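Encoded as structure tokens, the structure appears first; notes follow it.
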Amino acid sequence: MARREKLKRLLTGIAVLIGIGLGGFAVHQQQEKQKMIEIATSEEARKVYVAKFRREDPFAFKSDGIIQSYEIDEDSLAYNPMGGLMVRVTVNHDKAAYINFNLMDNGDGTYHSAYFGISSKLGDLLGY
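Residue 16 in full-length UniProt numbering sits at position 16 of the sequence shown; the count goes up by one each step and never skips.
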């Protein structure tokens, strides 16, 4: 019986350690997601988005512009293995009209995008 009790305690201890490890991993993942959201929604990142929108549509955010509004798709945020943060920004509340950005830190608190990818629907709206 003592042997069974020791085995039971050992298995309980292992289960607790695994639970703590998984809990720590989940907390770390949540912290990383929050960090990505803070970067993607920062004022400096928004400057990158708006500059690109205005290059694509000179009348963006004006009454006669094609691009009237934008939203950051927080579910699409991911780190690029080659560096940077991949961000999808939807236009005019239409999930099919978007631009993908790869935000790169300039080291001085500002960002630039290493590439841009425009969805076919947004391209059609812009006349491409």
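For each residue, glycine too, the CB sits at the ideal point set by N, CA and C.
Every value quoted in this text rests on a predicted model; they were computed, and no experiment measured them.
query	result
Spatial neighbours of F59 in its chain, beta-carbon cut-off 7 Å, leaving aside the 5 residues before and after	G65
Beta-bridge pairing of F116 - partner residues as DSSP gives them	F101
contact_flag[the stretch 112–121, the stretch 66–76] where n(CB pairs < 8 Å) is 3 or more	no
Validate contact between the stretch 97–115 and the stretch 39–53 using beta carbons, cut 8 Å, 3 pairs	yes
Contact belief for Q68 with N92 at Cβ below 8 Å, rounded distance in angstroms	5 Å
N- and C-terminal bounds of the alpha helix (DSSP H) containing Y49	E43 to E56
Reference T41; option with closest CA among L85, R54, L22 and F61	L85
Beta-carbon spacing of M36, L77 below 9 Å	yes
CB contact below 9 Å: E71 versus chain B	As a matter of chain content, chain B is missing from the structure shown, which is built from one protein chain.
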